[in-house]
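First up is the structure itself, then whatever we jot down about it.
Numbering (the working numbering), first residue to last: 931 to 1009.
Structural data, given as structure tokens:
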């Protein structure tokens, strides 16, 4: 019941820029060119790799709380 559908491009990236907020955390996700890999840190990298995204640039702003950053990245992928 908590699964989400994630649209991916041919280069296994996200289709457009998205911002996710959860608590004091803010995560910005931007699509990237093919071959660049997942450029993200901490919990956001783990969420994106499990989701199957191969080429993306991510930036964490605000809090460094791991759980809130993971939830903010999931909120960003839902948009």
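By construction, the Cβ of each residue, glycine as well, lies at the ideal position given by its N, Cα and C atoms.
{"Query": "How far does the beta strand (DSSP E) with residue 951 in it reach, from first residue to last?", "Result": "948-952"}
{"Query": "Beta-carbon within less than 8 Å of residue 979's beta-carbon, same chain only, minus the 5 sequence neighbours each way: which residues are those?", "Result": "968"}
{"Query": "Cα separation between residue 1003 and residue 988?", "Result": "9 Å"}
{"Query": "Along the chain, where does the beta strand (DSSP E) that runs through residue 988 open and close?", "Result": "986-992"}
{"Query": "Could you please give me the residues that DSSP links to residue 996 through a beta bridge?", "Result": "The partner list for residue 996 (beta bridge, DSSP) is empty, contrary to what the question assumes."}
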